[in-house]
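Student: Residue numbers (the numbering used here), protein chains in the order written: chain A, 12 to 383; chain B, 12 to 383.
If you want it as structure tokens, here you go:
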């Protein structure tokens, strides 16, 4: 734990009439009541959270809303990726309607990426859209899923195949919530922080390398890393909100990662961020094999991810993986496909990611086979 | 059946980058292949329809797509309002993903309002949004639900409480499909045609009165009635796409109507358009009771709806209705509520509908009790 005082950061996401702030602060949850009362006078609130976060953080949020005199209802769902399902979507929607929340009321997503994706999607479809606020409590949610408006659930056909673009009205990233996060969860979120460096900002990656232990310890460096990650994401989202172009860069490592998550049943065998970590290494190795990127970059990336406690190879995944053709099938069904051609985020090196729409499936298949 | 040749009409909906045409023609389904091939080069198509429409119209659509060399898959669901459910939404979404339709492919909603609402909602959430085309085969769908982008399903808490705004890319309204429609279904759709006159165009209502039998017979008068209804709806939708204001006028008769539909279990006891017909009469009677509208207008409206074969009073609904407090509960849960106050579409007479946001629930309750 750092002994320096941790400053607050605010990152603005300038999306016109859908613009919003990301507030990154040690006490963001405690500020919630005051901020929400100011932004949404007269509104009632529905809080969606999971059983674990309900225990760890809900009392703080409720105390903050109560102190501000805000009316609220709670909808509590099980924890884990399997909650991003049709069944729990319907539970949350029924909970909102049962609590008589109306179009001008506000849904609050209190939790990690699963809760943000699920509650945000529910908010987008109740009465054809109600506003919502993200209160991300995991590092992954703070730097990635709570920002940018992608919401959704998983399908038997793959991850995040059902959903909506629905921007939050405010993001409150509470740094103190990260102190209670299991180390494995923190590491998984950190993979997404590293991703922003790998995509388009090598100086950020070098800064992360140099500040790894300070970031791990919490305090100002961690706050800065999160704010820089959010700002990077915000820039991409503003340039391409609906992912018709460059937003796809944010999927670096995700096509391989999603296939591996599907192969492991979206289970604790492989967290999303862990899949992304392995996927980013694979994307760099594949780019190196195609002669696009220097292979020494791959080693440097692997080393930094390992220091952060992340898996980097297929062999790091516990248990058996399905045969390569099954992985290829998951890759083809991933939503980053267009008219049958495989689209991948490849790279020319650290900070040099680009979208390649004509990747040869045979080359990917052969590469994956060699990586086993 | 009219002996005059029936002209085609095209109504443009100028919604910027979401603009589209409504083509009203006796052979709109037969034109589908050519039109779709021109608009969506390289796309594959998924056709969502119900078992009844599959028998009556699917062969024509398939023949048209085949003749244009377009690849297509079919997703067939049961007929009826109960198909607008979570279960069938998931069926349609899984069908789309199972058919490997991608972001740039096109979903076609072939059928009545249920199919358009269900398929349109599915299109809006698959991979966070794919394009779709409406091929409405009922009068209700042609003049109302296929135009304007409202999609959704029903909830145990009420009708259309879950959904999205998702504009179609094209609407193909096939007039010949109406010739096979059961008279009761045709009449139910006609209630929505009358609605446009009642909302803001008394001359259209007078024209409908004068041409009732020609419209019933089919041919040019029917085509004109549909085109004028679509144009009226398009004007309102363009002025207020997301229903933050005047689009709510389209709900004339719908708050009462939805409550009655809920009270009758969304069943064949009361079709949507029948509920709207009774609801419109109730809205006019209630407005007259409040001294807002001349009571002779109510009689004139009732007479015209009766001629069209529509119910106009609560007593016209077969079976028992639940007690008034249960109806009031459904009215309060209807989505046209704002911070607890009841919002109704009231009227100053034929063509003079307006939005009233502060309707006294006690007055509504007493009125409903008197109407039983």
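No residue lacks a Cβ here, since even glycine has one placed at the ideal position from N, Cα and C.
1. Under the rule that 16 or more other beta-carbon atoms within 10 Å means buried, what is residue 346 of chain B, buried or exposed?
2. Rounding to the nearest angstrom, what Cα-Cα distance links residue 79 of chain A and residue 364 of chain B in this structure?
3. Can you name, in chain order, every residue of its own chain whose Cβ lies under 6 angstroms from the Cβ of residue 137 of chain A, other than the five neighbours on each side?
4. Could one say the Cβ of residue 161 of chain B lies closer than 9 angstroms to chain A's Cβ atoms, at least one of them?
5. Put residue 95 of chain B into one of helix, strand or coil per three-state DSSP.
6. Can you tell me whether residue 33 of chain A is helix, strand or coil according to DSSP?
7. Excluding the 5 residues preceding and the 5 following residue 102 of chain B in the sequence, name in chain order all residues of the same chain whose CB lies nearer than 8 angstroms to its CB.
8. The region 84 to 109 of chain A: which residues have C-beta closer than 8 angstroms to a C-beta of chain B, in chain order?
9. Indicate the three-state DSSP secondary structure (helix, strand or coil) for residue 166 of chain A in the structure shown.
10. For residue 260 of chain B, tell me which candidate among B:359, B:53, B:117, B:343 has the shortest Cα-Cα distance.
11. Output the distance between the C-alpha atoms of residue 249 of chain A and residue 256 of chain A, rounded to the nearest integer angstrom.
12. Closer than 9 angstroms, CB to CB, is residue 253 of chain B near chain A or not?
13. Residue 120 of chain A lies in the alpha helix (DSSP H); which residues open and close that run?
14. Can you tell me which of the three DSSP states residue 101 of chain B falls into?
15. Would you tell me roughly how many angstroms separate the C-alpha atoms of residue 62 of chain B and residue 330 of chain B, rounded to the nearest one?
16. Tell me where the beta strand (DSSP E) around residue 56 of chain A begins and ends.
17. Okay, do the region 152 to 162 of chain B and the region 181 to 192 of chain B touch, 3+ Cβ pairs below 8 angstroms being the bar?
18. Compare the C-beta of residue 138 of chain A with all C-beta atoms of chain B and state if any pair is closer than 9 angstroms.
19. Use the C-beta contact count for residue 15 of chain A: other C-beta atoms within 10 angstroms, 16 or more gives buried, fewer gives exposed.
20. Identify each residue in the region 367 to 380 of chain B for which the Cβ-Cβ distance to at least one residue of chain A is less than 7 angstroms, and report them in chain order.
21. Do residue 159 of chain B and residue 175 of chain B count as a contact pair if the criterion is CB distance below 9 angstroms?
22. Write down the C-beta distance between residue 203 of chain B and residue 287 of chain B rounded to the nearest angstrom, noting that I regard them as a contact closer than 8 angstroms.
23. Note down, one range per segment and in chain order, each alpha helix (DSSP H) of at least 4 residues found wholly within the region 272 to 314 of chain B.
24. Between the region 64 to 75 of chain A and the region 36 to 55 of chain A, do three or more beta carbon pairs fall short of 8 angstroms?
25. Using the beta-carbon of each residue, which ones in chain A are nearer than 8 angstroms to residue 168 of chain B?
26. Would you say residue 174 of chain B lies against chain A (beta-carbon separation less than 9 angstroms)?
27. Is the CB-CB distance between residue 383 of chain A and residue 323 of chain A below 9 angstroms?
28. Whether or not the region 214 to 221 of chain B and the region 278 to 298 of chain B are in contact is what I'm after, with contact meaning three or more pairs of Cβ atoms, one per stretch, closer than 8 angstroms; do they touch?
29. Taking Cβ positions, are residue 293 of chain A and residue 339 of chain A nearer each other than 9 angstroms?
30. For residue 177 of chain A, which option in A:300, A:83, A:128 has the closest C-alpha, if you only look at C-alpha atoms?
31. Which partner residues of residue 338 of chain A appear in the DSSP bridge assignment?
32. Who are the near neighbours of residue 222 of chain A in its chain, counting only those whose CB is closer than 7 angstroms to its CB and skipping five residues on each side?
33. Measure the Cβ-Cβ separation of residue 96 of chain A and residue 120 of chain A and say whether it is below 9 angstroms.
34. Here's a check: name, in chain order, each residue in its chain whose Cβ is nearer than 7 angstroms to the Cβ of residue 81 of chain A, leaving out the five neighbours to either side.
35. Give me, in chain order, the residues of the same chain whose beta-carbon lies closer than 7 angstroms to that of residue 344 of chain B; leave out the 5 immediate sequence neighbours on both sides.
Tutor: Concretely, from the data shown:
1. Because the pLDDT at residue 346 of chain B is just 49, under 50, the model does not fix this residue reliably, and the point stays unresolved.
2. When the Cα atoms are used, residue 79 of chain A and residue 364 of chain B turn out to be separated by approximately 40 angstroms.
3. Closer than 6 angstroms at Cβ, skipping near neighbours: 104, 107.
4. Chain A, which has a Cβ nearer than 9 angstroms to the Cβ of residue 161 of chain B, makes this yes.
5. In this structure, DSSP gives residue 95 of chain B a state outside helix and strand, which the three-state scheme calls coil.
6. Look at residue 33 of chain A here: in three-state DSSP terms it is strand.
7. The beta carbon of residue 102 of chain B sits closer than 8 angstroms to those of 86, 88, all from its chain and outside the five residues before and after it, given in chain order.
8. Of all residues in the region 84 to 109 of chain A, 97, 101, 104, 105, 108, 109 have a Cβ within less than 8 angstroms of some Cβ in chain B.
9. Strand.
10. Distance from the Cα of residue 260 of chain B is smallest, within the candidate group B:359, B:53, B:117, B:343, for B:359.
11. Residue 249 of chain A and residue 256 of chain A: Cα-Cα distance of roughly 12 angstroms.
12. Yes, contact with chain A.
13. Counting along the chain, no alpha helix (DSSP H) covers residue 120 of chain A; the unbroken beta strand (DSSP E) around it starts and ends at 117 to 122.
14. In the three-state reduction of the DSSP assignment, residue 101 of chain B falls in the helix class.
15. Going by the C-alpha atoms only, they are around 28 angstroms apart.
16. Where residue 56 of chain A is concerned, the enclosing beta strand (DSSP E) starts and stops at 56 to 61.
17. Short answer: they touch.
18. Under the 9 angstroms criterion on CB atoms, residue 138 of chain A is classed as interfacial with respect to chain B.
19. Under this definition residue 15 of chain A is an exposed residue.
20. Nothing from the region 367 to 380 of chain B brings a Cβ to less than 7 angstroms from some Cβ of chain A.
21. Contact flag unset, no.
22. Indeed, because the Cβ distance is near 6 angstroms, the residues count as touching under 8 angstroms.
23. The qualifying runs are 283 to 300.
24. A contact exists between the region 64 to 75 of chain A and the region 36 to 55 of chain A.
25. Within chain A, the residues 105, 108, 109 have their CB atoms less than 8 angstroms from the CB of residue 168 of chain B, given in chain order.
26. By this cut-off, residue 174 of chain B is an interface position.
27. Contact: no.
28. Cβ pair count under 8 angstroms is below three, so no.
29. No. Outside cutoff.
30. A:128 is the residue among A:300, A:83, A:128 whose C-alpha sits nearest the C-alpha of residue 177 of chain A.
31. As DSSP reads the structure, residue 338 of chain A sits in no beta bridge.
32. So the qualifying residues of the chain are 232.
33. At least 9 angstroms separates the beta-carbon of residue 96 of chain A from that of residue 120 of chain A.
34. Result list for residue 81 of chain A: 44, 47, 48, 56, in chain order.
35. By the criterion of a C-beta distance shorter than 7 angstroms, residue 344 of chain B is surrounded in its chain by 168, 169, once the five residues flanking it on both sides are discounted.
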